[in-house]
Amino acid sequence: MDKPIQKITPFLWFNNQAEEAMNFYISIFNNARVLKTSYYSEGGPAPAGTLMTASFLLEGQEFVALNGGPQFTFTPAISFVVNCHNQDEIDLLWHKLSEGGQQQKCGWLQDQYGVSWQIVPAIIGELMGSNDPEKSHRVMMALLQMDKLDISILQQAYNGA
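When the letters of the sequence shown are read in order and numbered with this note's numbering, they come out as residues 387 to 547.
This is the structure we're talking about:
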């Protein structure tokens, strides 16, 4: 039986840090592993034996990384949202992913490779999408004051505390 193919796969173009970045991500997430690697051969755009592409899995999501050269860089216009179940998970991922990168407002960060991530509580949609516009507004105002998101503060804002 053939393994089902993931319909859409994020493809990350690195200058020459694809393997390093992949190993970094795999070290952070619990459910993570390398799936497949391929290497440049003689006459390619990089030295023979240099990693060309690597596919890897992070929490059930397949990614492909390419050592493609300096032509393209990452932009925050594309980011990966990580839904966290508790504050400990937010704290851990925020710390590890932002190390060597940049912490930004509203749960966003840019890692040391320039990839943007949003580290958010899984309940953020519920808190922001309340039928009570006052609750949603209070949550948004609290969120706008934070870099790393704090679930208890967001819940207090939701409850009007």
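We put the beta carbon where it would ideally sit given N, CA and C, even for glycine.
Keep in mind it's a predicted model, so treat the numbers as computed, not measured.
Could you check which residue in the options has the C-alpha nearest to that of residue i?
{"i": "Asn472", "options": "Arg524, Ser424, Gln488, Ile510", "result": "Ile510"}
{"i": "Gln447", "options": "Tyr426, Asp474, Asn416", "result": "Asn416"}
{"i": "Ser551", "options": "Ile414, Glu405, Asp474, Ala418", "result": "With the chain covering 387 to 547 only, the question about residue 551 has no answer from this structure."}
{"i": "Ser427", "options": "Ser522, Thr439, Glu520, Ala418", "result": "Thr439"}
Please list the terminal residues of the continuous beta strand (DSSP E) segment that includes residue i.
{"i": "Val420", "result": "418-425"}
{"i": "Gln392", "result": "Run containing Gln392: none; DSSP gives neither H nor E here."}
{"i": "Leu540", "result": "Here Leu540 belongs to no beta strand (DSSP E); instead the alpha helix (DSSP H) covers 537-545."}
{"i": "Phe442", "result": "437-444"}
{"i": "Ile505", "result": "502-507"}
{"i": "Gln490", "result": "Counting along the chain, Gln490 falls outside any beta strand (DSSP E), and DSSP gives it neither H nor E."}
Can you round the beta-carbon distance between residue i and residue j to whole angstroms, since I take them to be within the 8 Å contact cut?
{"i": "Ile412", "j": "Phe442", "result": "6 Å"}
{"i": "Phe460", "j": "Ser502", "result": "7 Å"}
{"i": "Gln504", "j": "Ser538", "result": "That pair is no contact at about 19 Å."}
{"i": "Lys534", "j": "Gln489", "result": "7 Å"}
Compare the beta carbon distance of residue i and residue j with 8 Å and say whether it is the shorter of the two.
{"i": "Gly454", "j": "Trp399", "result": "yes"}
{"i": "Leu444", "j": "Phe397", "result": "no"}
{"i": "Cys470", "j": "Ala508", "result": "yes"}
{"i": "Val420", "j": "Val467", "result": "no"}
Starting from residue i, follow the alpha helix (DSSP H) in both directions and report where the run begins and ends.
{"i": "Phe449", "result": "No alpha helix (DSSP H) holds Phe449; the beta strand (DSSP E) holding it covers 447-453."}
{"i": "Ser484", "result": "473-484"}
{"i": "Val525", "result": "519-530"}
{"i": "Phe410", "result": "404-414"}
Could you tell me whether any non-hydrogen atom of the ligand ADP is closer than 7 Å to the CB of residue i?
{"i": "Tyr499", "result": "As far as ligands go, the structure on display features none, and thus does not contain the ligand ADP."}
Where DSSP assigns a beta bridge to residue i, which residues make up the other side?
{"i": "Asn469", "result": "Val506"}
{"i": "Phe397", "result": "Val450"}
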